[in-house]
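The opening residue of the sequence shown carries number 110 in this note's numbering; numbering runs sequentially from there.
Even glycine gets a Cβ: it sits at the ideal position worked out from N, Cα and C.
One structure below.
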Amino acid sequence: MRRAAILRTAVLLVACDPTAAMQLARRSVLDTTLTTLPSLTLACSEDDCIFERRRKFERLGRTLTVDQDFAGSRSRSTGAGVWECSEVLSAYLAARPELCRGRRVLELGAGCGLCSMVASLGGAARVVATDGDAGAVAHLEAVLRANDLKLETPPPLKWEEATRDSAKALGAPFDVVLGADLTYNPNNAIALANALVAHAGPDSTVLLAHKRRVADDDATIAKLGEYFATETLVAPSKVAGVAILKLRKRDAKLGDLDLAAASADNCNEGFKRVNGACLLATRRAALGILASAAAAPPAAAAAPLAGRFESLDLARPEPDRGRNELSGVANLYFPPWMRGTWNVSQTLTRVEAPLGLKFVGGPRADLAIAKRSLDEQRSRVGKAQPLQLRFVATKFGVVEDRLFNTRSRLDAFAGRRVVASVEYAETGGNNRRGNAVLGGSEDDPLTTTVTRYRGPAAQKIFSLARTAETGGDGVWRGSEASRSIFALTNQNAAPPITTDSETLFELRQGDGTVTGRLRLVDYLNPNDPLYFESRKKAVSVSDYDLAMTRVAD
């Protein structure tokens, strides 16, 4: 009952609009009994959880403290915090210290180094903790100092640049190679395979913690299977959804990973093939791509956005791949006339559940929960919600000021101040450094945000896919798909909640005004029991009318 009360409070806390409440209600978090494996329970202290600045982990008789740095200036990657894979793999190692005792251990993509610290506490003869990001390495060293542990932290290790000689200089082959949450991006599969092949020997034990968030995540495991025999040691738990895999190098494949000879045929103009990945060839090429993109007319969309406003039969947009992800300037770019601060009136006009109530009723397809949620939303039809939004100009185009707009939307729809802070989180594909290198500003808005609420909750939102078009009627339309991870910060029994959504804009310019429509669409993700039955189709759709008046440039 106490857990349910806290979670109900959290639902109210994050209800920036009816759709957000529906996302949580349909997962039936309020009524789900969690089952955990004894040694693999997610470990948060009483007042710490996934997005808290300080977290504590009990491992092998020690309390390990990690000061997370998702939005700090030191770390430039997702390695700035501890994710579920690191929690689960470190707990697995703590329960089986003999795996590392007396052995030479390497961790790839160590991030905050939780697994490396546990390997050291378990009696490893040598531990080398590596990461490919200089800021992450600096943050890792600070975490180790705070825990009074002295591990080896070499300069950034780029997977695609690893060779047998560089690996040998580091001490390869290692007895044990660890990796937590290294498999989420299939674009990195060949580079990861390269690093593993270089640093592991035929007798090495490779332990990877893998979380399947989307179907594409399995592509990385399939690629690794070409060079390693793979065994599942621990199946995904109901709490974390993390599997632990054991890999052994295939003798017959030791010389087959010729990354330097990989073809460049499927790389876009201005990119080159490096260890199986398409990377920007030069800064000049990157700027040329941006200039060409700015000069060229927009390409015809595979599925016109105008149609996505009229239909309820909507398929989830696929995540962006390739150029935008690597350029550092991926964003949803609005027309120039959207620059400025606007007073906005947002009025709900329709709420639908296209696939039926059971798809918005949570894992148990609870029709009562679904009906209450839908009825509550529909009671708001016709009611206007005032708020302010801001759009700013960058070298690459006009974009949302996500810090301002996130706070404004959440506080407005909650009817009170519920946001404590909103910060940008830098990722490998979208960061201040990348913006500056390509001629932008380090102050340009990024696409990933971390929101901390005044209550015990935090939320991280990633932009996954973006597209825009201008119709012959002069109407601008845009779409952005996103993934949100919501977590309570004072509960160690409740796992983070992951939701997938799409925001559609249709805007018309007036004289100092803008009118249009907003559509919010929810989709199930692979963590939902009904995911496959939904066939990646929209499970809820909310339509709004927009009326905007510029108040400042």
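What do you reckon, are the CB atoms on residue i and residue j nearer than 7 angstroms?
| i | j | result |
| --- | --- | --- |
| V351 | A307 | no |
| L441 | R575 | yes |
| V650 | E461 | yes |
| T557 | E589 | no |
| G625 | L639 | no |
| A309 | V286 | yes |
| D240 | R459 | no |
| L291 | L305 | no |
| V527 | R516 | no |
| R541 | F571 | no |
| A298 | T341 | no |
| V246 | A233 | no |
| R489 | L457 | yes |
| K569 | A424 | no |
| K320 | C224 | no |
Residue i and residue j look like a contact to me (Cβ under 8 angstroms); what is the Cβ gap, rounded to whole Å?
| i | j | result |
| --- | --- | --- |
| L202 | C209 | 6 angstroms |
| Q494 | A521 | 6 angstroms |
| K467 | A477 | About 11 angstroms; that fails the 8 angstroms criterion. |
| L633 | V648 | 6 angstroms |
| V252 | C221 | 5 angstroms |
| V453 | L496 | 5 angstroms |
Helix, strand or coil: how does DSSP classify residue i here?
| i | result |
| --- | --- |
| L441 | coil |
| G543 | helix |
| G416 | helix |
| V286 | strand |
| S550 | coil |
| A344 | coil |
| F641 | helix |
| P495 | strand |
| S401 | Since pLDDT at S401 reaches only 42, below the 50 mark, its modelled position is unreliable, and no value is offered. |
| P311 | strand |
Going by DSSP, what residue range makes up the alpha helix (DSSP H) through residue i?
| i | result |
| --- | --- |
| A201 | Correcting the residue type first, residue 201 is Tyr in the shown sequence and not Ala. Residues E193 to A204. |
| K267 | No alpha helix (DSSP H) contains K267, which DSSP labels as neither H nor E. |
| A304 | A298 to H308 |
| V252 | A243 to A255 |
| Q486 | L476 to R487 |
| A523 | R511 to A523 |
| A328 | D326 to L333 |
Give me the Cα-Cα distance between residue i and residue j, rounded to the nearest whole angstrom.
| i | j | result |
| --- | --- | --- |
| S482 | L573 | 27 angstroms |
| P413 | D620 | 27 angstroms |
| R163 | D178 | 9 angstroms |
| G549 | A439 | 12 angstroms |
| V630 | F595 | 18 angstroms |
| G506 | N539 | 15 angstroms |
| D662 | T450 | 6 angstroms |
| D475 | D484 | 14 angstroms |
| F283 | L249 | 21 angstroms |
| R561 | A567 | 4 angstroms |
| E161 | A200 | 20 angstroms |
| S275 | K259 | 22 angstroms |
| R171 | V469 | 43 angstroms |
Over what stretch of residues does the beta strand (DSSP E) that includes residue i continue unbroken?
| i | result |
| --- | --- |
| L457 | G449 to E461 |
| K165 | R163 to R168 |
| Y562 | T557 to Y562 |
| T658 | A647 to A661 |
| K569 | A566 to T579 |
| D609 | I606 to Q618 |
Hey, would you say the C-beta of residue i is under 6 angstroms away from at least one heavy atom of the ligand ZN?
| i | result |
| --- | --- |
| F166 | Ligands in the displayed structure: none, and consequently the ligand ZN is not present. |
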